[in-house]
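Residue numbers (our numbering): 336 to 393.
We put the beta carbon where it would ideally sit given N, CA and C, even for glycine.
These notes are about the structure you will find just below.
Okay, structure coming up:
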């Protein structure tokens, strides 16, 4: 699988998980319910990377 196919697959995974993929400089901002993460590359993203993290009050 080439790089473009891996990126397309990652965007599909994000869409299925209800996670928005937003450009953020030279990186990507993954934003969804329980997910707020910046990644440098979408290729290689997996379901494990899209797990929700609990929010804690400070």
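Buried or exposed: residue i, going by 16 or more other Cβ atoms within 10 Å of its Cβ?
i           : result
residue 338 : exposed
residue 349 : buried
residue 356 : buried
residue 390 : exposed
Report the partner residues of residue i according to the DSSP bridge assignment.
i           : result
residue 362 : 359
residue 367 : 370
Quick check: the Cα distance between residue i and residue j, rounded to an integer number of angstroms?
i           : j           : result
residue 353 : residue 365 : 10 Å
residue 358 : residue 377 : 11 Å
residue 371 : residue 340 : 24 Å
residue 385 : residue 342 : 15 Å
residue 379 : residue 393 : 33 Å
Can you list, in chain order, the residues of its chain with a C-beta nearer than 7 Å to that of residue i? Leave out the 5 residues immediately preceding and following it.
i           : result
residue 362 : 373, 374 and 375
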